[in-house]
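So in my numbering, spot 160 of the sequence shown is number 149, and the numbers just go up one at a time.
C-beta atoms are modelled at their ideal positions from N, C-alpha and C, and glycine is treated no differently.
Bear in mind that the values here come from a model prediction, so they are computed numbers and not experimental data.
Heads up: the structure comes next, in structure tokens.
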Amino acid sequence: LDMLSAAVVVLGGVWLYLTPTAHISIDVNPSLELGINRFDRVISVQGWNDDGTALAETLDVKNLTYTQAVETILQSETITALVAQDAVVEIGVIGDDDTRCAQMLAGVESCAEAHQNTHCYQAGTQEVEEAHECGLSYGKYRAYRELAALDPTVTPEEVQGMTMREIRDRIAALSGGAATAESA
């Protein structure tokens, strides 16, 4: 019985560690999503397009805290090269626990402060499934919906291959305003 109790405790601990309770969506044109557990550790890294998958394969961020992971990604050669070419980086904290997500957003924003063209937001999980059904990360899906409101002919497939800068510039052109990631 003691072995069984120990096994239940160990399995319960493993389950708690390996269960994502929030996600962080990072979109430039590589689109990535990080699964974050209740201990603020990265437990999964998923690319949502070919560039995102390629970037995910080069990153060693599993088991890091989410702030360490975001900082590592923002300082990666791929992202710094894109930002140097005026790319836009959008980072979203996604989850259903508003208080925890707000705390995580503050952590992500402090990572992003030193990086130009980086914008952060918080969202609930309701639309994430819709985004994934469209084959998009949540960040790209959010921008896609904004663009689709201005151009109903745009498709998720079209947006999938676009950079966040291209999407934001197209939104700005259609709405007659300057490109801004905060207009969502």
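Notebook entry, point to check: So what does Ala112 bridge to, in DSSP terms?
Noted result: For this step, residue 112 is matched to residue 123 along the sequence shown. Answer by DSSP bridge pairing, in chain order: Ile83.
Notebook entry, point to check: Buried or exposed: Lys129, going by 16 or more other Cβ atoms within 10 Å of its Cβ?
Noted result: Position 140 of the sequence shown, counting from 1, holds the residue named residue 129. Lys129 should be labelled buried.
Note to self: Could you compute how far the alpha carbon of Val34 sits from the alpha carbon of Asp86?
What the structure shows: The residue you call residue 34 lines up with position 45 of the sequence shown. The residue you call residue 86 lines up with position 97 of the sequence shown. Cα to Cα, Val34 sits roughly 21 Å from Asp86.
Notebook entry, point to check: For Pro141, does the count of other Cβ atoms within 10 angstroms reach 16, so buried, or fall short, so exposed?
Noted result: Against the sequence shown, residue 141 aligns to sequence position 152. Flag for Pro141 reads exposed.
Margin query: I'd like to know whether the C-beta atoms of Cys109 and Val117 end up nearer to each other than 8 Å.
Written below: Taking the first residue of the sequence shown as 1, we reach residue 109 at position 120. Taking the first residue of the sequence shown as 1, we reach residue 117 at position 128. No, they are not a contact pair.
Note to self: Just to confirm, is the Cβ distance from Met93 to Val78 under 8 Å?
What the structure shows: Position 104 of the sequence shown, counted from the first residue, corresponds to residue 93. Position 89 of the sequence shown, counted from the first residue, corresponds to residue 78. Contact flag unset, no.
Checklist line | Rounded straight-line distance, which links the Cα of Thr144 to that of Val50 | finding: Position 61 of the sequence shown, counting from 1, holds the residue named residue 50. Position 155 of the sequence shown, counting from 1, holds the residue named residue 144. Taking the straight line from one Cα to the other gives about 32 Å.
Notebook entry, point to check: Skipping 5 residues on each side, what residues in its chain have a beta carbon closer than 8 Å to that of Glu146?
Noted result: In the sequence shown, the residue the question calls residue 146 occupies position 157. So the list reads Gly124, once near-sequence residues are dropped.
Margin query: As a quick exercise: from Thr67, Glu66, Glu60, pick the residue whose alpha carbon is nearest that of Ile80.
Written below: As a position in the sequence shown, residue 80 is number 91, starting the count at 1. It is Glu60 whose Cα lies nearest to the Cα of Ile80.
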